[in-house]
Amino acid sequence: MPDELQVLGRAVKQAQYRQHRALDSRLAAAGTTLAQWDALRAISRAPGAPARALATATFQSEQAFGTLAGRLTALGLIDRRPGHGRRIEHYLTPSGEAVLSAGHRIADEVLAACYSHLSPADRATLLDLLQRVDDGADASADR
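Sequential numbering of the sequence shown, starting at 7, is according to my numbering.
Rendered as structure tokens:
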């Protein structure tokens, strides 16, 4: 059983790795990286969010997200504005919106290719199973 779980864990990681490599490679055409596009996506979903929330949403440390946000600001893709107290809020610029939109189109193409060998029902099952794994991990962490 332990070997089977290790094989499963590696298969999940391998699928993620291939998907991320394909996305990162193709997102270069939009002038961005996967990490940058993911940050733009997180900011788009929660305009005005602080770095702590955005770091969590993008699976990064606060320090790493701060460095990334600085780069996105220098590229003119986001604005960082003072918020309540010491909080810094993050917003997309029009250029950031354009890069995000181009990234969405690219991601749709890449992900369609990644999952093309699965039927719609198989994709739905995979999504359900992965969400159940994630929900179980969240429940374990709460204990």
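Idealized CB from N, CA, C, for every residue including glycine.
Is DSSP giving residue i helix, strand or coil here?
i     : result
Tyr23 : helix
Leu60 : helix
Arg93 : coil
Could you please give the first and the last residue of the uninterrupted alpha helix (DSSP H) stretch that includes residue i?
i      : result
Leu83  : Note, Leu83: premise wrong, no alpha helix (DSSP H); not H, not E.
Pro100 : 100 to 120
Leu46  : 40 to 51
What whole-angstrom Cβ distance do residue i and residue j have, given they're in contact under 8 Å?
i     : j      : result
Gly76 : Ala57  : Wrong, their Cβ atoms sit about 10 Å apart, outside the cutoff.
Gly89 : Gly142 : Not a contact, Cβ separation roughly 35 Å.
Leu83 : Leu46  : 6 Å
Is residue i near the ligand ADP - that is, is its Cβ less than 7 Å away from at least one heavy atom of it?
i     : result
Arg93 : Only the bare structure without any ligand can be found here, which leaves the ligand ADP out of the picture.
Measuring alpha carbon to alpha carbon, tell me which residue in the options is nearest residue i.
i     : options                       : result
Ala41 : Gln20, Pro100, Ser67          : Ser67
Ser50 : His96, Leu133, Gln137, Leu132 : His96
Are there three or more Cβ pairs, one per stretch, closer than 8 Å when the region 15 to 30 is compared with the region 110 to 127? yes
Tell me, please, whether the region 96 to 110 touches the region 28 to 39 by the rule of three or more beta-carbon pairs shorter than 8 Å. yes
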